[in-house]
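There are 2 protein chains.
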Amino acid sequence: MELAGCGPITVWRRMLEKHADLVDTLEAKLRADHGLTATEFDVLINIPSTTTIRHRELLHQIVLSRSALSRLLGRLETRGLVTQTSDSTDQRGVCVELTPDGLRLKRESARTNADIVRTAFAGLTEENLSVLLDLVDQIQPSPAEPNEPR
Amino acid sequence: MELAGCGPITVWRRMLEKHADLVDTLEAKLRADHGLTATEFDVLINIPSTTTIRHRELLHQIVLSRSALSRLLGRLETRGLVTQTSDSTDQRGVCVELTPDGLRLKRESARTNADIVRTAFAGLTEENLSVLLDLVDQIQPSPAEPNEPR
DNA sequence: CGCAACTTGTTGCATTGACAACAATTTCAT
DNA sequence: ATGAAATTGTTGTCAATGCAACAAGTTGCG
Chain A
2 MELAGCGPIT VWRRMLEKHA DLVDTLEAKL RADHGLTATE FDVLINIPST TTIRHRELLH
62 QIVLSRSALS RLLGRLETRG LVTQTSDSTD QRGVCVELTP DGLRLKRESA RTNADIVRTA
122 FAGLTEENLS VLLDLVDQIQ PSPAEPNEPR
Chain B
2 MELAGCGPIT VWRRMLEKHA DLVDTLEAKL RADHGLTATE FDVLINIPST TTIRHRELLH
62 QIVLSRSALS RLLGRLETRG LVTQTSDSTD QRGVCVELTP DGLRLKRESA RTNADIVRTA
122 FAGLTEENLS VLLDLVDQIQ PSPAEPNEPR
């Protein structure tokens, strides 16, 4: 039997709630202040400021299908936030680069994001943060076993 | 300046990663073992086992638009997991009830879900869980201020 | 009563995402 | 070299979601 409110399921549920709350707050602010969805923000943040990056690389850093990324970058290009050029060393590849507008938006939205996160965590001391990080690291999801014994 | 790897942004990023990992694991298993999406699972879990519930009530407990809930319940009904009947005391309302199949699926999927969560948290002691819960509760997202000073 | 305002659920429409199929290119084994 | 296999990105198609508009029912104020 588990102590009142301290079983893993309870903790997980609470984490889910907090996660949803904070993500909602972040998405609302990014949308309102910068016209960005969470996914667009993630992509923007992962495009280097001073060089290009290939779709392939971006895919490793964010959670999105290739097709979704492809179309999302198309939208960003239409909005003038990035440019896409063929990789000269590998004709299959597409290099993405921030435009000046895109770079500005990246910086501004990153600041917005960081401000909100800092505010949310404002009640925790350095020590708290350190302990929290340590505990979170001890959560170990089994990595979705790919074995399907047919 | 923040200590190496202990700023709120770092902690938040790590929490995002763990969250995504665990959610992925849960979704994969629910899908594979029970043919349920995460949303369907959430809905199923929130339908009482021995009585009916109205759409309105369900909406308070899960994160979904009315239209999405309406259609999702339609799907569950088609699959024979729930029945929907008009509320006799309020003709606007729709009462949802689990079928025997739905009840069984609710129980089985809840067990699957709990097993995975428990496994993921297996490395944490009771004390750890308690501390983690406490720290998580101290995270306070500003509730997406609804003031739009036009 | 009687009509306006609210509540509740459904439907039309647009957006976004994943998966599968595809085309173009590169890599690798022979 | 040469053809098979792998990589990379795009496009077709479909499922799921949210918003707006709507229909039906309820409530409340006069």
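First to last, the sequence lines map onto chains A and B. At position 26 of the first sequence (counting the first as 1) the number is 27 in this note's numbering, and the numbers step up by one without a gap. At position 75 of the second sequence (counting the first as 1) the number is 76 in this note's numbering, and the numbers step up by one without a gap. Think of the CB as a built atom: it goes at the ideal place given N, C-alpha and C, for glycine as much as any other residue.
In the DSSP annotation of this structure, the continuous segment of the alpha helix (DSSP H) that includes B/Q62 starts and ends at H56 to Q62. With 16 or more other Cβ atoms from the protein chains shown falling within 10 Å of its own Cβ, A/A121 counts as buried. Interface with chain A (7 Å Cβ-Cβ cutoff): B/V97 is excluded.
Here A/P142 is buried, its C-beta having at least 16 other C-beta atoms within 10 Å. Residue pairing from DSSP places B/S87 in a beta bridge opposite B/V95. In the structure shown, the three-state DSSP call for B/G75 is helix. Annotation: Cβ neighbours of B/N129 in chain A (cutoff 8 Å, chain order): L136 and Q139. DSSP places B/P49 outside both helix and strand once states are collapsed to three, so it counts as coil.
Contact annotation: A/T26 and A/I117 have beta-carbon atoms nearer than 7 Å. Contact annotation: in the segment 27-43 of chain A, residues whose CB is within less than 7 Å of a CB in chain B are A29. At a C-beta separation below 7 Å, A/A21 has these neighbours in chain B: V64.
Assignment of B/F122 by DSSP, reduced to helix, strand and coil, places it in the coil class. Under the 7 Å criterion on CB atoms, B/I48 is classed as non-interfacial with respect to chain A.
Look at the segment 88-116 of chain A: the residues with a C-beta under 7 Å from a C-beta of chain B are A115. Contact between B/S110 and B/L31 holds, with the beta-carbon distance rounding to 6 Å and staying under 8 Å.
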